[in-house]
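Since the structure comes first, as structure tokens, the remarks are kept for the end.
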Amino acid sequence: MFDSIGSYISPTNIASELNKNSKKKISHNTIIKYLDFLTKSYILYPAPRYDIKGKELLTTNEKYYLVDLGLRNITATNKYDTDLGHKLENVVYFELLRRGGKVYAGKNNDKEIDFVVQKPNNEREYYQVAFTINDEKIYKREISAFSNIKDNYPKYLLTLDFDNTSINGIQKLNVIDWLLNE
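Under the numbering used here, the first residue of the sequence shown carries the number 624, and numbering increases by one thereafter.
Given below as structure tokens:
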């Protein structure tokens with residue numbers, strides 16, 4: 624789990640992977656219980672999937688975020704500079720929680736939105752997080768995630784790039800500036 628922060632998690636797939644090379648079989652229900660224990664102990668925090676078009680919560684494949692990235696560095700790879708995009712997403716997740724509202728992993732048709740934040744006043748915000756969008760392929764992927772969202776709620780693209788601009792109504796912000804402003 625520590626190596627999969629910011630990725631969709633399927634208890635069924637985890638159980639089948641673990642069962643491939645094991646004499647003892649483990650069920651997906653056991654995986655669900657372990658995930659529940661890790662969330663109740665405040666080690667992992669879930670981001671349920673939210674269908675933007677259907678405006679409903681989906682019951683499968685949540686994303687999970689780790690309360691302390693140092694745990695990941697020690698247990699998973701022991702390298703602080705690997706998978707920086709997911710680590711940055713982890714930081715943004717906890718900042719969004721701190722700022723208030725419910726934080727979901729968004730689904731919009733076949734596109735994924737990193738975060739949909741439902742504010743207490745029934746307003747909504749959309750966030751994409753990328754280490755950088757200097758590569759054209761990454762730029763298109765991150766911007767296209769917003770393309771089919773037809774409402775007028777704010778859309779943010781957070782990166783470590785230094786230019787704060789607006790791209791077709793999407794606010795591209797440096798994540799450090801965003802973290803320091805509230």
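Every residue gets a Cβ at the ideal spot worked out from N, C-alpha and C, and that includes glycine.
Sequence-distant residues of the same chain with beta carbon closer than 6 angstroms to Pro634, five excluded per side
As a working note, residue 634 is residue 11 in the sequence shown. So the list reads His651, Ile654 and Ile655, once near-sequence residues are dropped.
Between Asp846 and Lys730, which are expected to be in contact by the criterion C-beta below 8 angstroms, what is the C-beta distance as a whole number of angstroms?
Outside the modelled stretch of the chain, which goes from 624 to 805, sits residue 846, for which no answer is possible.
Which stretch, first to last residue, makes up the beta strand (DSSP E) that contains Leu796?
Here residue 796 is taken as the residue at index 173 of the sequence shown, counted from 1. Note, Leu796: beta strand (DSSP E), Ile793 to Asn797.
Quick one: what does DSSP say Lys725 is sitting in, helix, strand or coil?
By one-based count along the sequence shown, residue 725 stands at place 102. Three-state result, Lys725: strand.
Less than 8 angstroms between the beta carbons of Tyr657 and Pro669, yes or no?
On the sequence shown, position 34 is the one that residue 657 refers to. On the sequence shown, position 46 is the one that residue 669 refers to. No, the pair does not count as a contact, with Cβ atoms beyond the cut-off.
Could you tell me the distance, in whole angstroms, from the CA atom of Val798 to the CA atom of Leu707?
Here residue 798 refers to the residue found at position 175 of the sequence shown. Here residue 707 refers to the residue found at position 84 of the sequence shown. In a straight line, the C-alpha of Val798 is about 13 angstroms away from that of Leu707.
Helix or strand or just coil, what does DSSP make of Ala638?
Stepping through the sequence shown from its first residue, residue 638 is reached at position 15. Residue state, collapsed to three classes: helix.
Can you tell which of Leu689, Gly693, Asp786 and Tyr749 has the C-alpha that lies nearest to the C-alpha of Lys773?
Numbered from 1 along the sequence shown, position 150 holds the residue referred to as residue 773. The shortest Cα separation from Lys773 among Leu689, Gly693, Asp786 and Tyr749 belongs to Tyr749.
8 angstroms Cβ cutoff met for Thr755 and Leu781
As a position in the sequence shown, residue 755 is number 132, starting the count at 1. As a position in the sequence shown, residue 781 is number 158, starting the count at 1. No.
In the structure shown, what three-state DSSP assignment does Asn787 receive?
Within the sequence shown, numbered from 1, the residue matching residue 787 stands at position 164. Coil at Asn787, not helix or strand.
Quick one: Cα of Leu796 to Cα of Leu661, how far?
For the purposes of this step, residue 796 is identified with residue 173 of the sequence shown, where counting begins at 1. For the purposes of this step, residue 661 is identified with residue 38 of the sequence shown, where counting begins at 1. Rounded to whole angstroms, Leu796 to Leu661 spans 32 angstroms at the Cα level.
Nearest-angstrom Cβ-Cβ length linking Ala768 and Gln751, presumed shorter than 8 angstroms:
Counted from its first residue, the sequence shown places residue 768 at position 145. Counted from its first residue, the sequence shown places residue 751 at position 128. Between Gln751 and Ala768 the Cβ distance is about 6 angstroms, and since that is below 8 angstroms, they are a contact.
Nearest neighbour of Trp801, chosen from Leu711, Asp733 and Tyr762 [CA to CA]:
The count along the sequence shown starts at 1 and reaches residue 801 at position 178. Checking every option, the nearest Cα to that of Trp801 belongs to Leu711.
Contact defined as beta carbons within less than 8 angstroms: I believe Ile793 pairs with Ile766. What is the distance between those atoms, to the nearest angstrom?
Taking the first residue of the sequence shown as 1, we reach residue 793 at position 170. Taking the first residue of the sequence shown as 1, we reach residue 766 at position 143. With a Cβ gap of about 7 angstroms, Ile793 and Ile766 count as contacting.
Taking only the alpha-carbon atoms, compute the straight-line gap between Asn804 and Ile649 and give it to the nearest angstrom.
One-based indexing of the sequence shown puts residue 804 at position 181. One-based indexing of the sequence shown puts residue 649 at position 26. Straight-line Cα distance between these residues: approximately 46 angstroms.
At what residues does the beta strand (DSSP E) containing Tyr668 begin and finish?
Position 45 of the sequence shown, counting from 1, holds the residue named residue 668. It spans Leu667 to Asp674 - the beta strand (DSSP E) in which Tyr668 sits, taken as one unbroken run.
In whole angstroms, what is the alpha-carbon distance linking Asp626 and Arg695?
Counted from its first residue, the sequence shown places residue 626 at position 3. Counted from its first residue, the sequence shown places residue 695 at position 72. Between Asp626 and Arg695, the C-alpha separation is close to 7 angstroms.
First and last residue of the uninterrupted alpha helix (DSSP H) at Phe660
Counting from 1 along the sequence shown, the entry for residue 660 is found at position 37. That run of the alpha helix (DSSP H) goes His651 to Lys663.
Given a cut-off of 8 angstroms, decide if Leu689 and Leu720 are closer than it, judged by their beta-carbon atoms.
Residue numbering aside, residue 720 sits at position 97 when the sequence shown is read from its first letter. Residue numbering aside, residue 689 sits at position 66 when the sequence shown is read from its first letter. Not closer than 8 angstroms, so no.
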